[in-house]
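Let me begin by presenting the structure, written as C-alpha cells, before commenting on it.
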Amino acid sequence: MSSPLEVVSRDNLTRNIKTSPQRKKTYKFLVFAWIMLVGMGIAGAYQYTNYLKDKLTADLAQQNHYQLQQIQSDYQHSWIICKQTSINKCWI
Numbered sequence: 000m001s002s003p004l005e006v007v008s009r010d011n012l013t014r015n016i017k018t019s020p021q022r023k024k025t026y027k028f029l030v031f032a033w034i035m036l037v038g039m040g041i042a043g044a045y046q047y048t049n050y051l052k053d054k055l056t057a058d059l060a061q062q063n064h065y066q067l068q069q070i071q072s073d074y075q076h077s078w079i080i081c082k083q084t085s086i087n088k089c090w091i
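With numbering that gives the first Met the number 0 applied, the sequence shown corresponds to residues 0 to 91, in that order.
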C-alpha cells in the first residue's frame with residue numbers, strides 16, 4: 000500500500016493557471032449579450048405598454064362617442080315627443 004509520492008510544483012496545478020485572453024473575451028461577450036437581452040426586454044415591455052395604452056384610449060373614445068350619440072338621440076326623441084303632446088312643462 001505504499002506508493003511513491005510525487006512532488007507537484009505549484010506551476011503544474013491547473014488552479015493556478017491565469018485566465019487566457021480567449022476566456023476574458025468570452026466573459027465580456029456573455030455579459031454584453033446578457034445586458035443586451037435585458038435591455039431589449041425592457042424596451043419591448045415599454046413598447047407593448049404604449050401599444051396597450053393607445054389601444055385602450057381608442058376603444059374608450061369609440062365607446063364614449065357611441066354613448067354620446069345615444070344620449071343625443073334620446074334627447075332629440077324626447078324633445079319631439081314633448082312638442083307633439085303640447086305639454087307646457089316638459090321634463091327636459
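Backbone N, C-alpha and C define an ideal beta-carbon position, used for all residues, glycine too.
Values in this document were obtained by computation on a predicted structure and should not be read as measured data.
Item: Cut-off 7 Å between Cβ atoms - residues of its own chain near S19, not counting five sequence neighbours on either side; Value: none
Item: T48: CB within 7 Å of a non-hydrogen atom of the ligand GTP; Value: The ligand GTP is not part of this structure, which contains no ligands at all.
Item: K23 versus F31 - alpha carbon distance; Value: 12 Å
Item: For S19, three-class secondary structure by DSSP; Value: coil
Item: CA-to-CA distance, I34 to Q68, given in whole angstroms; Value: 51 Å
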